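Right, one structure below, let's go through it.
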Amino acid sequence: MATRRIPASGINLFQLIYILIREYEAASGQSALNLSLGNPDLIPFEPIRALKSEVQLRTDYDLHTYAEDKNLGRFCENMTRLFAGVDLDRYPQLRAVPIPGIKTATTVLPLACGMHLKGRENFRVVTHLPAYDVMGTWSQAYFGSKRIVWPLTSEDGMRMNVKVLREVLAREKTEKPDLIFVIRPGNPAARGASREEWKELIELCIERGSRLVNDGAYATLTEGDGHIPLAQVAKDYPELEWMELFSVSKAFSDPGARLGCAVGSKEFIEDFVLIKGNTDSGPVPSIMQAYAELFRDEKLARRMLGDLLVIYQARLAYLVPKLKGIGLRPACETTAGFFTLWQVPQRAYGIDLVAEASSRKIPRAELFNRLVIENSGIVGVHFTGPAPMSGGEPEAYIRYAVCTDVLKPEFQARFEREIARIQPQY
5 MATRRIPASG
15 INLFQLIYIL
25 IREYEAASGQ
35 SALNLSLGNP
45 DLIPFEPIRA
55 LKSEVQLRTD
65 YDLHTYAEDK
75 NLGRFCENMT
85 RLFAGVDLDR
95 YPQLRAVPIP
105 GIKTATTVLP
115 LACGMHLKGR
125 ENFRVVTHLP
135 AYDVMGTWSQ
145 AYFGSKRIVW
155 PLTSEDGMRM
165 NVKVLREVLA
175 REKTEKPDLI
185 FVIRPGNPAA
195 RGASREEWKE
205 LIELCIERGS
215 RLVNDGAYAT
225 LTEGDGHIPL
235 AQVAKDYPEL
245 EWMELFSVSK
255 AFSDPGARLG
265 CAVGSKEFIE
275 DFVLIKGNTD
285 SGPVPSIMQA
295 YAELFRDEKL
305 ARRMLGDLLV
315 IYQARLAYLV
325 PKLKGIGLRP
335 ACETTAGFFT
345 LWQVPQRAYG
355 IDLVAEASSR
365 KIPRAELFNR
375 LVIENSGIVG
385 VHFTGPAPMS
395 GGEPEAYIRY
405 AVCTDVLKPE
415 FQARFEREIA
425 RIQPQY
C-alpha cells in the first residue's frame with residue numbers, strides 16, 4: 005500500500021483557511037465574508053488585456069519559445085524605472101533579470117548564495133516573523149539550513165529594528181549571516197521601509213558581508229513616504245550584495261501573468277541566473293513583451309498604478325475605522341499594500357481566549373480566527389509571532405485584507421452587524 009512521504013502537519017496556512025471557509029459555508033448555508041484573500045480580486049485594466057492579446061498574435065519566434073533570462077523589450081529596465089525610480093543604465097554595477105513570479109525566485113535564493121557549496125548545516129538565513137514565510141519554510145524545513153528569526157513586534161509598529169537584529173545575531177552567535185531576507189512593504193504587516201531603515205540595515209550587511217534581499221511585491225501600493233524601495237538606496241552602495249524582487253501580480257492585479265523582475269548587484273544576479281537556469285525557463289515571453297511596451301508609456305502605467313491604489317485606499321478607509329471602532333488594536337498602521345494587522349484580544353464573544361486556547365491546545369490567534377469564522381463568517385488569517393527575547397508569550401495577530409469589495413452595501417450591512425458581536429477585550 006502506498007504511503008505519503010510528507011506529513012499532513014506540513015499543511016500550508018492558507019490551505020487551512022480554505023478548509024475553514026468550506027466548513028463555515030457548508031454549515032451555515034451562507035457565503036463567507038472573506039477578508040483572508042492575499043491576492044487581488046480585481047483583473048488587469050483593459051489596455052493591459054488588449055496589449056497582451058495583440059502581442060500574442062505576433063509571429064516573432066522569441067515570443068513563443070523559452071524566455072530563459074532574455075530581457076525582451078528592455079522589460080527589466082522599464083520595470084525598475086517604474087517601480088523603484090532607478091535608471092539601470094546609469095549603474096553598471098547593477099543587473100536585472102526577468103522572473104516568473106517572486107515565490108519561485110525566493111525558493112532558490114539560498115542556493116544562489118552558495119548554500120550547497122558551504123554545507124546546509126553551516127548556512128545562516130535571517131528572516132522576519134510574523135511573515136508569509138516562504139523563505140523560512142524553504143531555508144529551514146526543506147533545505148535544513150539554520151534559520152534565524154528577526155522578530156517584528158507591535159511595540160515597534162512592525163518596523164525593521166536593526167538594533168534587535170544585532171541582539172539576535174549576538175544571541176545566536178552568528179557574526180556573518182549568509183542571507184538576510186525581508187518583505188517590505190510587509191505581509192502580514194503592511195508597513196513600508198524608510199530610507200533610514202534601509203541605510204542602517206545596509207551598513208550592517210556590508211559590515212558582516214551578508215547578502216540582502218527584499219521581496220517588494222507590494223512596493224507600488226503606497227504613496228508619499230509610505231515606502232522607499234530598497235533599490236533606491238542600495239544603488240548608492242557598490243560594496244553591498246543585494247537584490248530586490250518586483251512583480252506585476254499586485255501592482256497590476258495580474259498574478260496569472262507570473263511575471264516579475266529581480267534587480268540587484270551584478271555578481272549576486274549572475275549567481276542567481278546560474279541556479280535559475282536549472283529551475284525554470286523564464287516567464288511567458290509574450291506577456292513580458294506586452295508589459296515592456298506598457299512600461300515604456302510611463303504616463304499610462306503610472307495612471308493605472310494610481311487608479312488601483314485609490315481603490316485599495318478607499319477600502320482601507322472603510323475597514324480600518326470599523327475594526328478600531330469595536331475596540332480591536334492595530335499591530336501597526338497600514339502604510340502600504342492592502343493588509344491590516346491586529347493584535348488578538350484576550351477575550352472575545354465573552355470567552356477567555358487564553359484559557360480556551362490552552363484547553364484546546366491551539367494558538368490563541370487560530371482560536372480567535374476560528375471563533376470569528378464560526379460565529380460570523382468573517383475570515384482572516386491568523387499569525388503567531390516568535391517568542392519574545394525577554395520571555396513571555398508570543399504575540400497573536402489576525403490579518404484582514406481588503407481584496408474583496410468591502411464597499412458594497414450588502415457586505416457592509418452584514419459585516420457591521422457581525423463585528424459588533426465580537427466584543428474584544430485586552
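For any residue, its number in this note's numbering is found by taking its place in the sequence shown, counting from 1, and adding 4. For glycine and all other residues, C-beta sits at the position ideal for the given N, C-alpha and C. Keep in mind it's a predicted model, so treat the numbers as computed, not measured.
With 16 other Cβ atoms within 10 Å as the buried cut-off, status of residue i
{"i": "Met-162", "result": "buried"}
{"i": "Leu-314", "result": "Contrary to the premise, residue 314 reads as Val rather than Leu in this sequence. Exposed: under 16 other Cβ atoms inside 10 Å."}
{"i": "Asn-282", "result": "exposed"}
{"i": "Thr-110", "result": "buried"}
{"i": "Met-308", "result": "buried"}
{"i": "Lys-56", "result": "buried"}
{"i": "Ala-318", "result": "exposed"}
{"i": "Lys-393", "result": "Per the sequence presented here, residue 393 reads as Met, with Lys not at that position. Met-393 comes out exposed."}
{"i": "Ser-3", "result": "The structure shown does not extend to residue 3, since the chain spans only 5 to 430, so no value can be given for it."}
{"i": "Ala-145", "result": "exposed"}
{"i": "Ser-35", "result": "exposed"}
{"i": "Leu-278", "result": "exposed"}
{"i": "Met-83", "result": "buried"}
{"i": "Ile-103", "result": "buried"}
{"i": "Leu-216", "result": "buried"}
{"i": "Pro-155", "result": "buried"}
{"i": "Tyr-316", "result": "buried"}
{"i": "Lys-254", "result": "buried"}
{"i": "Ile-366", "result": "exposed"}
{"i": "Ile-330", "result": "exposed"}
{"i": "Arg-65", "result": "According to the sequence as given, residue 65 is Tyr; it is not Arg. Tyr-65 is exposed by the Cβ-count criterion."}
{"i": "Gly-381", "result": "buried"}
{"i": "Asp-258", "result": "buried"}
{"i": "Gly-396", "result": "exposed"}
Cβ shell of residue i (< 7 Å), same chain only, five flanking positions each side left out
{"i": "Tyr-70", "result": "Ser-285 and Gly-286"}
{"i": "Glu-179", "result": "Arg-212"}
{"i": "Gln-429", "result": "Pro-349, Gln-350 and Arg-351"}
{"i": "Val-358", "result": "Gln-350 and Arg-368"}
{"i": "Thr-63", "result": "none"}
{"i": "Leu-4", "result": "In this structure the chain extends from 5 to 430, so residue 4 is not present and cannot be described."}
{"i": "Leu-323", "result": "Thr-344, Tyr-404, Val-406 and Val-410"}
Residue range of the unbroken beta strand (DSSP E) whose run includes residue i
{"i": "Ser-269", "result": "264-269"}
{"i": "Ala-405", "result": "400-405"}
{"i": "Ser-251", "result": "246-251"}
{"i": "Arg-8", "result": "Looking at the DSSP string, Arg-8 is not in any beta strand (DSSP E), and its letter there is neither H nor E."}
{"i": "Val-237", "result": "Run containing Val-237: none in the beta strand (DSSP E); it sits in the alpha helix (DSSP H), 234-238."}
{"i": "His-386", "result": "385-388"}
Continuous alpha helix (DSSP H) stretch holding residue i: start and end
{"i": "Tyr-3", "result": "Nothing about residue 3 can be read from this structure; the chain reaches only from 5 to 430."}
{"i": "Gln-60", "result": "50-60"}
{"i": "Met-292", "result": "289-300"}
{"i": "Pro-114", "result": "113-116"}
{"i": "Phe-372", "result": "368-380"}
{"i": "Trp-346", "result": "First-last for Trp-346: 343-347, but that is the beta strand (DSSP E), not the alpha helix (DSSP H)."}
{"i": "Phe-256", "result": "Counting along the chain, Phe-256 falls outside any alpha helix (DSSP H), and DSSP gives it neither H nor E."}
{"i": "Leu-216", "result": "First-last for Leu-216: 215-219, but that is the beta strand (DSSP E), not the alpha helix (DSSP H)."}
{"i": "Val-358", "result": "357-364"}
{"i": "Arg-421", "result": "413-423"}
Beta-carbon contacts of residue i that lie in its chain and below 6 Å, excluding the five residues immediately before and after
{"i": "Phe-276", "result": "Ala-116"}
{"i": "Ile-377", "result": "Leu-24, Tyr-28 and Val-383"}
{"i": "Asp-219", "result": "Ile-106, Ile-187 and Leu-249"}
{"i": "Phe-49", "result": "Met-308"}
{"i": "Leu-169", "result": "Trp-154"}
{"i": "Val-130", "result": "Ile-152, Trp-154, Pro-181 and Ile-184"}
Residues of its chain near residue i, where Cβ-Cβ distance is below 8 Å and the 5 sequence neighbours each way are ignored
{"i": "Gly-148", "result": "Arg-124 and Glu-125"}
{"i": "Ala-340", "result": "Pro-189, Ala-194, Arg-195, Gly-196, Tyr-222, Ala-223, Leu-225, Thr-226, Gly-230 and His-231"}
{"i": "Asn-38", "result": "Ile-25, Val-383 and Thr-408"}
{"i": "Leu-41", "result": "Ala-405, Cys-407 and Thr-408"}
{"i": "Glu-72", "result": "Gly-281, Ser-285 and Gly-286"}
{"i": "Gly-389", "result": "Leu-133, Pro-134, Pro-155, Leu-156, Thr-157, Pro-398, Glu-399, Ala-400 and Tyr-401"}
{"i": "Val-138", "result": "Lys-107, Thr-110 and Thr-111"}
{"i": "Tyr-241", "result": "Ile-206 and Ile-210"}
{"i": "Cys-80", "result": "Leu-92, Ala-100, Val-101, Pro-102, Cys-265 and Val-267"}
Residue i CB to nearest heavy atom of the ligand COA below 7 Å
{"i": "Glu-422", "result": "The ligand COA is not part of this structure, which contains no ligands at all."}
At a cut of 8 Å, does the stretch 121-129 reach the stretch 289-306 through at least three beta carbon pairs? no
Are the stretch 236-250 and the stretch 44-55 touching, with three or more C-beta to C-beta distances below 8 Å? no
Three or more C-beta pairs below 8 Å linking the stretch 258-272 and the stretch 92-100: yes
Suppose only complete runs of 4+ residues qualify. What are the alpha helix (DSSP H) ranges in the stretch 85-168, listed by chain order? 106-111, 113-116 and 119-122
Any beta strand (DSSP E) of 3 or more consecutive residues that is wholly inside the stretch 172-207: 183-187
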